[in-house]
Amino acid sequence: MTILAIDTSTNHGSVALLVDGALRLEETFVADRTTSSSLFAVLERAVALAPRLDQVTIGLGPGSYAGVRIAIAAALGLELGLGAQLVGLPSVAALETDAPAWLAIGDARRDTFYFTRVAAGLCVAGPLLATADELHAHLAAHPGLPVFTSAPLPAFPAAQLALPSAVRLARLAHAARGITATGDLEPIYLREPHITLTKTPQAGR
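Printed below as a string of structure tokens:
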């Protein structure tokens, strides 16, 4: 089975190609405003190594909505062009760490954070939203687990930095472990999108 995995949920993109369980390609790049060009250059090299793709695995976050959507758009192109199956997993379940279990936290904006407890590649709690006080309580309830974040969190300075790994995503998918979505993929939304409605002009104004 040939699996291409992509994660662009943080400011460091990651791509991996797994062929029958063997790693054929692993590349990382800075994910910023040039994410699309960086990603597609890596994908071209991956497809050249394995013109047949059975599955494309995407890290769905939590993280950068724009980054995850770029990865999903690329996956849709590979699905149409090569007939690959699309699957998605939480990016926080594939952090680059040797720990068998951990807590993943991150900034969810608007004075909130996200919290996930991961064990053996599965999100056994979350991702869920929490206030700072709630997050402190979650962390205190699991004192033996390491705490990771993909970007520095001044409010939680003890959290260690760890980034999602496309290789780990590919291996989880190869084991059919932790897959949370197939086909129609969407980034992990921690809250409903915030939409500001245009004010309707009042008569006579």
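Residue numbers (this note's numbering): 1120 to 1324. Cβ atoms here follow ideal geometry from the backbone N, Cα and C, with glycine treated the same way.
- Comparing C-alpha distances from Leu1172 to each of Gly1180, Glu1163, Glu1146, Gly1178 shows the shortest one belongs to Glu1163.
- Taken through DSSP and simplified to helix, strand or coil, Ile1298 comes out as coil.
- Shown here for Arg1236: same chain residues with a beta carbon closer than 6 Å to its own, the five before and five after excluded, namely Leu1222, Val1243, Ala1244 in chain order.
- Rounded to whole angstroms, the Cβ separation of Ser1183 and Thr1231 is 16 Å, and the two are not in contact under 8 Å.
- Glu1305 carries a coil assignment under DSSP once its states are collapsed to helix, strand and coil.
- Residue range 1251-1259 is occupied by the alpha helix (DSSP H) that includes Asp1252.
- The shortest CA-to-CA distance from His1261 to any of Ala1194, Phe1234, Pro1283, Val1149 is the one to Phe1234.
- Taken through DSSP and simplified to helix, strand or coil, Arg1228 comes out as strand.
- Taking a C-beta distance under 8 Å as the contact criterion, Ser1155 and Ile1122 do not qualify as a contact pair.
- Here DSSP, grouped into helix, strand and coil, assigns Gly1132 to strand.
- A residue is called buried once 16 or more other Cβ atoms fall within 10 Å of its Cβ, and Phe1267 is buried on that count.
- Note: Leu1214 is bridge-paired with Pro1283 in the DSSP secondary-structure output.
- Burial is judged here by how many other beta carbons sit within 10 angstroms of a residue's own beta carbon; Arg1229 has fewer than 16 and is exposed.
- Beta-bridge analysis with DSSP links Ala1124 to Ala1135, Thr1176.
- Counting only runs that start and end inside the segment 1149-1209, the alpha helix (DSSP H) elements of at least 4 residues fall at 1154-1168, 1184-1201.
- DSSP places Leu1264 outside both helix and strand once states are collapsed to three, so it counts as coil.
- Looking at the backbone, the Cα of Ala1259 and that of Ala1220 are separated by about 16 Å.
- For the 8 Å CB-CB criterion, Leu1291 and His1131 do not form a contact.
- Under the 10 Å beta carbon count, Leu1179 is surrounded by 16 or more other beta carbons and is classified as buried.
- Gln1279 is classed as exposed because its beta carbon has fewer than 16 other beta carbons within 10 Å across all chains shown.
- In this structure Val1286 is in contact with Leu1142, their Cβ atoms being roughly 6 Å apart against a cut-off of 8 Å.
- DSSP, reduced to helix, strand and coil, places Arg1143 within a strand of the structure shown.
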